[in-house]
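Have a look at the structure below before the remarks.
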Amino acid sequence: MRPGRLSRIVVSPETPALLRGEIWVSPDVLAEAGFDRGPKGLVRFASSIGAHISFFHWPESVMLSDLNELLELAHAADVDCGLTINGPFQRLTLIRNVLDLLQELHRDPSHFEALLAREMEEIAETLDFVKGSEIELIMITEDVAYTGGLYFSPEVFRKVLVPFYSSLVSQLSSTRIALGWHSDGDVSPLLPDLVECGLRFFSLEPECVDLLEFKQTYRSRVSLVGGIRATWFAGKQLDQDEERHYLLEIGALLNEGGLILASSCGLNSPAFLLNLRHLYRLAEGLIPSSA
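This note's numbering runs 61 ahead of the 1-based position in the sequence shown.
Printed below as a string of structure tokens:
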């Protein structure tokens, strides 16, 4: 299977390796940067910024032949291919206001759980479909927190969502696919449960979670996707002191094992691209690239 860089981190997460790849790029960013809004544009965009991995968001009702075409597209551009799939709570927030959902949770917990269960069934069906492919990494996107903390208690999370994630890990156990998880906000109280249930890749906000401590705690059991703080790519170009701080922080993460360097919350503005390319190039000097 080509190109195969991602498999090095999947197989040996404790070995330092530097890859690059954004888990989400706005279609508007693609268009304004001169690329098609679809998969072809995403692959060409990834190649243009020096990324090793292109993450495709996986919609419903897609044929396996379409997935194989995505893989061929990515590999033809010498780029690995990952998928992002919305988790059950994330899916609900796309059709209902977050505040309404939280009120539903407090008013009628059993109905809230029933809503999640319907979404869980569809996600499980999607993974059954995908597990026959050569995809190596699937990221479940599940924004369950903000800067100040969780939307609901860790107890609710452990009762409702952790068993579901465990079932997905079991569902993929006979494949080579690794399962990862993304959330905005401070999800620190949830991380031990997520690691214990078998999730292996984590995309978390460095402004909210101590990534180095997390990686040092679970070294060979987890790999990180992200590391680039929003202030580093969303503002003016970094000065020398800021660049030094960036390299020290990313270098410390790399010393603990493989890292997929990325912006932690995705790209939603073309204004960020110049800084992102610069940050990608700076990091190349930290260790020999895995390219």
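Note that the Cβ used here is the ideal one computed from N, Cα and C, for glycine as well.
Bounds of the beta strand (DSSP E) holding I201 are L198 to T202. Where L252 is concerned, the enclosing alpha helix (DSSP H) starts and stops at L252 to E257.
Listed as beta-bridge partners of V90 by DSSP are no residues whatsoever. With 16 or more other Cβ atoms inside 10 Å of its own Cβ, P74 counts as buried.
Around the Cβ of E186, a 10 Å sphere holds fewer than 16 other Cβ atoms; the residue is exposed. Around the beta carbon of V72, fewer than 16 other beta carbons sit within 10 angstroms, so the residue counts as exposed. By the Cβ rule, the segment 284-304 counts as touching the segment 316-329, because three or more pairs are nearer than 8 angstroms.
The Cβ-Cβ distance between A94 and P253 does not fall below 8 angstroms. The beta carbon of D89 sits closer than 6 angstroms to no other beta carbon from its chain once the five residues preceding and following it are set aside. Note on geometry: alpha-carbon atoms of R280 and S234 lie some 21 angstroms from one another. In this model, E317 and L272 are separated by some 11 angstroms (Cα to Cα).
For G296, the number of other beta carbons within 10 angstroms of its own is below 16, and it is reported as exposed. The segment 191-211 and the segment 168-183 do not touch, with fewer than three beta-carbon pairs separated by less than 8 angstroms. Remark: fewer than three beta-carbon pairs, one from each stretch, lie closer than 8 angstroms, so the segment 146-166 and the segment 249-268 are not flagged as touching. When V248, E268 and M200 are compared, the shortest CA-CA separation from I146 is found for M200. Here R305 carries a helix assignment [DSSP, helix/strand/coil]. In the three-state reduction of the DSSP assignment, F96 falls in the coil class.
Sequence-distant Cβ neighbours of K101 in its own chain, meaning closer than 7 angstroms and more than five residues away, are L134. For Q298 and E345, the gap between their C-alpha atoms comes out near 18 angstroms. The bridge partners DSSP lists for D141 are I114. Collapsing the DSSP output to three states places S284 in a strand.
A direct Cα-Cα distance of roughly 32 angstroms separates W85 from H167.
Cα atoms of D247 and G65: separation of roughly 32 angstroms, rounded to the nearest angstrom.
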